[in-house]
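Enquirer: One structure coming up, written as structure tokens, with questions to follow.
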Amino acid sequence: MMKQWRLVSLVSLLALLLGGCGKDFQSTLIPQGEVAKMQYDLLLLSTAIMVLVVLVVTAIFIYVVVKFRQKKGQENYIPKQVEGNHKLEIIWTVIPILLLLVLAVPTVTYTFKLADVKPAQKQKLDKDTIVIDVSARLYWWEFAYKNEKIVTSQDMVIPTGKKVYLNLKGADIKHAFWVPSLAGKIDTNPDNVNMMWLKADNPGTYNGFCTELCGPSHALMQFKVKAVSPEEYEAWTASMNKLDGKQETASAQAEEGKEIFQKSCIGCHAVDANDARPAAARIAPNLANFGDRELVAGIVENNEENVKQWLKDPEGMKPGNLMTGKYGNLTDEQVDALTAYLLGLKAEK
């Protein structure tokens, strides 16, 4: 029995230790934006109140146990019974009310502040308002920039120091959007649009996740949020607007890959960042800047080896994805050519 308790204690200690570990790109305990900081402050406040209550109750409990424990010679002694003390009853009624008020005031204030998405609800958006339609799909993410007329996938690029408004919807089943370092999670439902905003204080790349169990590759449904300076963001949007699918290929092999892509992949994937099709018609990730992305399929490093592995066996890399079985078996030469073409799809720097 003691060995089991030791094992349980060790596992609990390790869980507590690992729970406190984190990096600034994926930890709620290292907030990197205004929304995350508000939520972090509420977390600290509520935790402080709970710890205070536990300490006070524990202190009273220990005091009572020690003071009123049974002593030798007093086995039949009955202490004076105290009941109906109005002062005590008022104290232990008022204190919880005060504690709830201390927690409720900032909670309600922040709730209204976080729910303020009026700039994104205007019939005609202001020029500087950044609104992104986020579409969650099995098992990837699409980001459509309304003012910039850009569509991209897996990587969401935002400027630092500016509010970015998100319209979130699930394209197939329910998913959930969460970037721990920047904002709390929100559901993406197929039958309604949820709205939120976030803001990044510092440049960097932050990890995003789906937090609603959605199938065999739920844990692999990841994305990146890249925060860059406002100047870099403007340069990025300008370069993305030039990606119309007619970019020159860098080699004969890439040109061969382009021909293969036009015959077998173009039915689902677009390489035009200005894709004007309605969201329902965009059934696969936009690949306009595929070569610039950090990850392949949202989970492994974007390099030649992993791209080839993905093309040969998408089901083995991400089970349940909709790309499996969409095209016939490719020869090694075709895979090489298609890889060269895809890695060459980059925005101008």
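In this note's numbering, the protein residues as written are 966 to 1314.
By construction, the Cβ of each residue, glycine as well, lies at the ideal position given by its N, Cα and C atoms.
Using a threshold of 8 Å, state whether the C-beta atoms of Y1306 and G1180 are closer than that.
Expert: no
Enquirer: Could you give the residue range of the beta strand (DSSP E) that holds P1124?
Expert: Here the beta strand (DSSP E) through P1124 covers 1120-1124.
Enquirer: Would you kindly work out how many angstroms separate the C-alpha atoms of Y1198 and P1124, rounded to a whole number?
Expert: 6 Å
Enquirer: Please determine, among G1038, T1170, L1053, A1249, the residue with the shortest C-alpha to C-alpha distance to E1107.
Expert: A1249
Enquirer: What are the start and end residues of each continuous alpha helix (DSSP H) run of 4 or more residues lying completely inside the stretch 1039-1098, in chain order?
Expert: 1051-1079
Enquirer: Can you tell me the Cα-Cα spacing of D1297 and E1259, whole angstroms?
Expert: If you take the alpha carbons of D1297 and E1259, they lie about 24 Å apart.
Enquirer: Grab me the residues of L1010's own chain with a C-beta within less than 8 Å of its C-beta, minus the 5 sequence neighbours each way, in chain order.
Expert: For L1010, where only same-chain residues beyond five positions count, the Cβ hits under 8 Å are V1067, L1068, P1071.
Enquirer: Using only the alpha-carbon positions, how far apart do N1267 and L1008 sit?
Expert: Spanning the two alpha carbons is a distance of roughly 36 Å.
Enquirer: Considering only the beta carbon of each residue, do V1350 and L1308 sit closer than 8 Å?
Expert: Summary: the structure shown does not reach residue 1350, with the chain confined to residues 966 through 1314, and so no result is reported for it.
Enquirer: What are the start and end residues of each continuous beta strand (DSSP E) run of 3 or more residues lying completely inside the stretch 1151-1204, in chain order?
Expert: 1159-1163, 1169-1175, 1187-1193
Enquirer: Please classify R1102 as buried or exposed, where buried requires at least 16 other C-beta atoms within 10 Å of its C-beta.
Expert: buried
Enquirer: Would DSSP call G1135 helix, strand or coil?
Expert: strand
Enquirer: Are the CB atoms of I1027 and L1064 within a distance shorter than 8 Å?
Expert: no
Enquirer: What's the call for E1280, buried or exposed, on a 16-neighbour Cβ count within 10 Å?
Expert: exposed
Enquirer: Could you pull out every residue in the same chain whose Cβ sits closer than 7 Å to the Cβ of V1129, ignoring the five residues on either side in sequence?
Expert: I1095, I1097, I1123, W1162, L1163, K1164
Enquirer: Looking only at its own chain, which residues have a Cβ that is under 6 Å from the Cβ of A1219, when we skip the five neighbours before and after it?
Expert: A1305, Y1306, G1309
Enquirer: Compare the beta carbon distance of H1140 and E1177 with 8 Å and say whether it is the shorter of the two.
Expert: yes
Enquirer: Taking a contact to mean a Cβ-Cβ separation below 8 Å, would you say F1188 touches D1081 in this structure?
Expert: no
Enquirer: Please identify the residue among K1150, P996, D1166 whose C-alpha is closest to the C-alpha of M1160.
Expert: M1160 has its Cα closest to that of K1150, out of K1150, P996, D1166.
Enquirer: Look at the alpha carbon of Q1274 and the alpha carbon of D1301, and state the distance between them as a whole number of angstroms.
Expert: 11 Å
Enquirer: Please state whether the Cβ-Cβ distance between G1173 and A1192 is less than 8 Å.
Expert: no
Enquirer: Check the C-beta distance from G1285 over to Y1075 and give it rounded, since I have them as a contact under 8 Å.
Expert: Incorrect: roughly 37 Å between the Cβ atoms, too far for contact.
Enquirer: Of the choices I1060, P1044, D1006, whose alpha-carbon is the least far from that of V1022?
Expert: I1060 is the residue among I1060, P1044, D1006 whose C-alpha sits nearest the C-alpha of V1022.
Enquirer: Do you know offhand how far G998's Cα is from P1195's?
Expert: 15 Å
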